[in-house]
Amino acid sequence: MNFELTQRQQLVRRSVRKFAEDVLAPVAPIFDKEAKYSEDIVKELSKINAWGIQLPEKYGGAELDSISYAITIEEISRICASTGLMLTVHNSVGAFPIYKWGTEEQKEKYLYDIATGKKISGFSWTEPNAGSDAQGIECIMIQDGEDFILNGSKIFVTNGAIGSVLLIGTRYKKENGQSGIAILILEKDMDGYEIGQPEEKMGMRGNITTSLYFHNIRVPKENVLGSLGEGFRIAMLTLDVGRIGIAAQALGIAQAAYEHAVEYSKGRIQFKRPISQFQGISFKLAEMATKIDAARLLVYRAAYNKDKKERFSKESAMCKYYAGKIAREVTQEAIQIHGGYGYMKDLPLERFHRDAAVTTIYEGTNEIMKLIIAQQILRGNL
Amino acid sequence: MLKIFVLIKQVPYLHNLEIDRRTGTLIREGVENIINPDDLYALELGLSLKEQYDGEITAMTMGPPQADFALRECLAMGVDHAILISDPIFAYSDTLQTTLVLKEAFDNIKDYDIIITGSQTSDSSTGQMPYQLSEALDIPLITDIFTMEIKDHDFYCHRNFGHESQHIQTGLPILVRTQRHFNEPRHISLKGIKRAFEKEIEMYNFDTFNCPDYLDGCNQSPTRLVKTEKIILKRKNEVIDGTTKDKIERLIHIMQEHGIERIWTGMSQDE
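Chains as they are written, first to last, in my numbering: chain B, 1 to 382; chain S, 383 to 653.
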């Protein structure tokens with residue numbers, strides 16, 4: 001067993017950290033405050049190949065392993081979680097399924113633009129009446145000659161405003177009269193594709209989340225991902241991958257809060273000594289460090305299993321459940337250590353806490369994570 | 383094709399360096415190593431020259447085997463080749479011995495147009511190497527340039543010299559020493575990292591180029607580091623008592639002692 005990162009993975013951490021500190025640190029508070037993102041940052045991210053972290057080089061990707069991918073998301077999120085979100089959704093649930101289940105034509109058509117950041121991608125399943133109950137989606141497509149006509153809507157779409165290639169789940173009518181679930185590749189400029197107003201969110205404010213409305217969109221058959229009846233299975237396998245990225249993101253946020261807390265506690269003098277010298281504070285730091293370390297090991301293990309082509313459904317649910325949970329705890333304790341200063345918007349602690357909150361909600365709530373883990377255990381995958 | 387060589391050094395990250403009290407040298411174990419920060423400007427210059435003049439760029443370093451990581455970082459940044467000069471015999475070389483080894487390396491390489499260095503290393507701060515190497519190779523050294531151009535195998539540049547701007551023309555090969563913040567070193571791309579580990583790093587050691595016997599870092603270096611001490615900056619506090627006028631006068635006196643000559647207090651003469 002080897003717990004050491006390879007030299008390549010170490011260099012990924014060092015380089016992405018440098019990039020994030022140089023390029024994202026100045027804009028992260030602005031993105032949060034003004035609930036916006038910038039095209040310049042999208043271009044800067046293209047320069048370091050952050051839009052195609054794992055896609056093959058022939059499509060313009062960097063073709064790195066999954067641990068390098070997790071490290072990249074972790075380091076970006078340590079500085080700007082909103083940008084981390086934009087990247088992780090694009091890479092893991094936008095690009096990955098097209099690469100994994102797409103036809104050669106679909107890959108040729110989309111992957112190069114996706115890998116180079118010319119087109120931002122996303123994945124949208126959630127609807128007003130379908131959240132944790134993922135089978136309950138109500139978008140419907142009806143066959144019309146060689147095409148499908150799509151109607152319905154999606155909510156809480158990450159990358160909703162900037163995404164131009166969106167994978168969405170929809171129902172369709174099977175020949176036997178029952179309904180099945182399929183995934184469609186939609187493009188922003190299709191007739192009848194409407195982007196809703198930006199949502200006002202608690203955190204991740206630099207990612208513009210919107211609803212999407214589909215009004216009689218004519219979608220060619222070639223835009224079905226995988227085979228028609230495969231939609232739900234693809235979605236579940238895709239989310240297994242996506243959760244590693246969300247966990248890495250939660251890990252990055254927790255790491256940032258923890259680093260701030262350590263620095264602050266060493267410099268803050270009360271009762272004539274740094275507050276880090278009081279057990280009440282130092283024990284908090286010890287707990288934070290332990291939780292973060294455990295989360296990191298879970299995240300990298302899930303990524304490792306994925307690359308080894310071993311089962312990772314349970315592992316990715318575990319790492320997402322745990323990293324999200326501890327991100328909330330660690331960011332909260334970091335505010336506590338900072339006292340009143342932690343509550344002020346002058347410091348990023350409250351932003352970390354707001355950003356962390358959603359990591360136990362999206363791509364499957366922590367309650368759903370436990371369901372997945374329990375299902376796996378009871379099926380014999382102890 | 384323009385053959386560009388950038389000389390780099392792997393140095394310990396200065397953030398949390400400690401000194402071994404027994405030996406008086408830096409403790410390098412367990413410390414993160416990085417490319418010497420000043421060398422990044424040299425690398426950026428080399429890479430931009432390569433792009434502009436369709437050249438070929440090689441990063442070269444002398445150091446222990448683990449210095450290969452610094453070279454991987456150079457490859458990730460975009461250099462084409464990397465050379466690691468490493469041999470236990472070269473350990474503890476001072477700047478002169480290092481220069482002589484580098485001279486052997488370049489005599490072995492033969493075909494070079496531009497050698498680029500940073501201004502100094504963060505772990506020894508001598509800045510002697512570029513001067514010594516240009517002398518050893520008998521090629522011109524130009525420091526602190528801010529524009530440059532290569533035409534018909536001639537090198538044209540502007541450099542700052544005090545309040546002058548000098549326009550210089552010279553033939554190749556030359557040695558260029560960059561100054562800090564002269565450009566903005568590029569960020570490393572993920573694709574660069576992927577490719578950096580697919581390349582070979584060329585290894586040079588004592589036997590590679592028939593080194594003369596005097597290339598013995600430990601025993602032949604004319605200078606020797608005797609002791610390193612950590613500088614601790616302490617503030618001197620002085621509490622000034624008395625009336626406001628006394629305090630102001632004392633304050634002015636202290637400022638004058640420190641060479642601050644023009645002090646405007648806002649007080650009128652007769653006050």
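All C-beta atoms, glycine included, are put in the ideal place defined by N, C-alpha and C.
Taking the alpha-carbon positions, what's the B:E394 to B:S124 distance? As displayed, chain B neither begins before 1 nor continues past 382, which places residue 394 of chain B out of reach and without an answer.
CA-to-CA distance, B:V23 to S:A473, given in whole angstroms: 38 angstroms
Taking the C-alpha atoms as reference points, what is the distance between B:T360 and B:F312? 19 angstroms
CB contact check: S:P567 to chain B, cutoff 7 angstroms: no
I need the straight-line Cα distance from B:R379 to B:E39, nearest angstrom please. 47 angstroms
Can at least three beta-carbon pairs, one atom from the region 526-534 of chain S and one from the region 505-513 of chain S, be found at a separation below 8 angstroms? no
With three or more beta-carbon pairs closer than 8 angstroms as the criterion, would you say the region 269-283 of chain B touches the region 103-112 of chain B? no
Once DSSP output is grouped into helix, strand and coil, what is the label at S:E643? coil
Using a Cβ-Cβ cut-off of 7 angstroms, state whether S:I417 counts as contacting chain B. no
Closest by C-alpha distance to B:H90, when choosing among B:V262, B:G242, B:D346: B:G242
How should B:E350 be labelled, buried or exposed, when 16 other C-beta atoms within 10 angstroms of its C-beta is the threshold for buried? buried
Scan the region 437-454 of chain S for residues whose Cβ lies nearer than 9 angstroms to a Cβ of chain B and list them as they occur along the chain. D450, F451, R454
Just checking my contact of B:G229 with B:G180 at CB under 8 angstroms: how many whole Å lie between their CB atoms? 5 angstroms
The region 514-535 of chain S: which residues have C-beta closer than 9 angstroms to a C-beta of chain B, in chain order? none
DSSP three-state assignment for B:Y362, whether helix, strand or coil: coil
Expressed to the nearest angstrom, what Euclidean distance is found between the alpha-carbon atoms of B:L347 and B:S68? 30 angstroms
Thinking C-beta only, is B:D32 closer than 7 angstroms to B:G192? no
Compute the beta-carbon to beta-carbon distance between B:V165 and B:I185, rounded to the nearest angstrom, for a pair I have assumed lies under 8 angstroms. 6 angstroms
So which residues of chain S does B:N49 contact, with C-beta pairs closer than 7 angstroms? S571, L572, K573
Contact check, B:M288 vs B:V330 under 8 angstroms by CB: the rounded distance? 5 angstroms
B:K118: which of B:L150, B:V42, B:G152, B:A134 sits nearest, CA to CA? B:V42
Under 8 angstroms: do the region 281-299 of chain B and the region 210-226 of chain B share three or more Cβ pairs, one atom per stretch? no
Quick one: Cα of B:G84 to Cα of B:I73, how far? 6 angstroms
Opposing strand residues paired with S:M442 [DSSP bridges]: S:L389, S:I465
For the ligand COA, any of its heavy atoms closer than 6 angstroms to the Cβ of S:G500? What this structure holds is no ligand at all, so the ligand COA is not there to describe.
From this set, B:R354, B:A247, B:Y264, B:L55, which residue's C-alpha is nearest B:Y322's C-alpha? B:A247
Per-residue contacts from S:A345 into chain B (C-beta, under 8 angstroms): In the structure displayed, chain S extends from 383 to 653; residue 345 of chain S sits before or after that span and is not available.
Please determine, among S:S507, S:S475, S:G500, S:T477, the residue with the shortest C-alpha to C-alpha distance to S:L396. S:S507
Is S:T560 closer than 7 angstroms to S:L427 when the C-beta atoms are compared? yes
Please tell me whether B:Q332 has its Cβ less than 7 angstroms away from any Cβ of chain S. no
Between which two residues does the beta strand (DSSP E) carrying S:D526 extend? S:D526 -> no beta strand (DSSP E), and no H or E assigned at all.
Which class does B:R354 belong to by DSSP, given the choice of helix, strand or coil? helix
Considering only DSSP beta bridges, list what B:R171 is partnered with. B:I140, B:I181
Assigned exposure category for B:M86 - 16 Cβ within 10 Å defines buried: buried
B:G231 versus B:G169: straight-line alpha-carbon distance, rounded: 7 angstroms
Through-space distance from S:R632 to S:D639, alpha-carbon basis: The amino acid occupying residue 639 of chain S in the given sequence is Glu; Asp does not appear at that position. Each residue's alpha carbon lies about 10 angstroms from the other.
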